[in-house]
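In what follows, a single structure is set out as structure tokens and then discussed.
Residue numbers (the working numbering): 1 to 282.
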């Protein structure tokens, strides 16, 4: 257990995970029994954490794939991906926007971040617009929905259904930093004409339900009660207002970004109650 804590401390101090060791200690201090304490330490140790630099790199990778997918036959041999996405004089014109419905408000934390990211990477501000603009686009336009992560695909599916013009465009694409294979499979099945470009894929193997089996098999976990049972008992004692112990759609992810925690992750990572403080608020 002490070796695991030392590893976590090193990850925090090197900036690989921009959660301070003091914040982690405060969060771990809520775990009471030896089983719970080991569970908390293992969750931190095996969590997928993406800091701002890593998220920017994932979005950049997806944008590069997008650009070279739509390269023109008469383009220069060594044309750069940013030139493709920013060009106005010939060929396809790219418009970027977050998967949100402005009827219900302005972009949230992740939407604002994606807007900032694509501008930071060098894409012109004039190339930004919201999904409703799809009604005025033509065959020479590509509308690109940009998101930090797609895990179940529920939100982006809702946008595609609401703004029907997106589905009827000759060229519509999705650019995303992190995508869950379940969400990717659903989008490919339901929207086969929409191209999806991503930086990283995660799977059910990144869930607590699967990782806990690995802990048991490798004898990292030696207690009689299995990790899921210990976790469920802990969550019961937290008395959350709504029980989403394994997160949205029961994906049970150990996933966190520098700016937020998706609600597909374990509830103890992001939710608050009178008896529990999260590692990071949504």
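Note that the Cβ used here is the ideal one computed from N, Cα and C, for glycine as well.
Item to check | Counterpart residues of residue 180 in DSSP-defined beta bridges | outcome: 202
Checklist entry - Which residue from 249, 240, 232 puts its Cα closest to that of residue 40? => result 232
Item to check | Neighbour-count burial assignment, residue 170, 16 or more Cβ in a 10 Å radius | outcome: exposed
Next on the checklist: What would DSSP say about residue 97, mapped onto helix, strand or coil?
Outcome noted: strand
Checklist entry - Which residue comes first and which comes last in the alpha helix (DSSP H) that contains residue 230? => result 227-238
Checklist entry - Ends of the beta strand (DSSP E) at residue 256? => result 255-257
Next on the checklist: Per DSSP, what are the beta-bridge partners of residue 143 in this structure?
Outcome noted: 95, 172
Next on the checklist: Using C-beta distances below 8 Å, list every residue in its chain close to residue 234, excluding the 5 sequence neighbours before and after it, in chain order.
Outcome noted: 31, 36, 39, 268
Item to check | 6 Å CB neighbourhood of residue 139 in its chain, flanking five on each side removed | outcome: 170
Checklist entry - For the alpha helix (DSSP H) that residue 64 lies in, which residues bound it at each end? => result 52-69
Item to check | residue 176 versus residue 187: straight-line alpha-carbon distance, rounded | outcome: 13 Å
Checklist entry - Taking residue 56 as the reference, which of 119, 85, 70 has the closest Cα? => result 119
Checklist entry - Where does residue 15 fall in DSSP's three states? => result Note on residue 15: pLDDT 49, under 50, position unreliable in the model; no value is reported.
Checklist entry - Taking the alpha-carbon positions, what's the residue 112 to residue 225 distance? => result 43 Å
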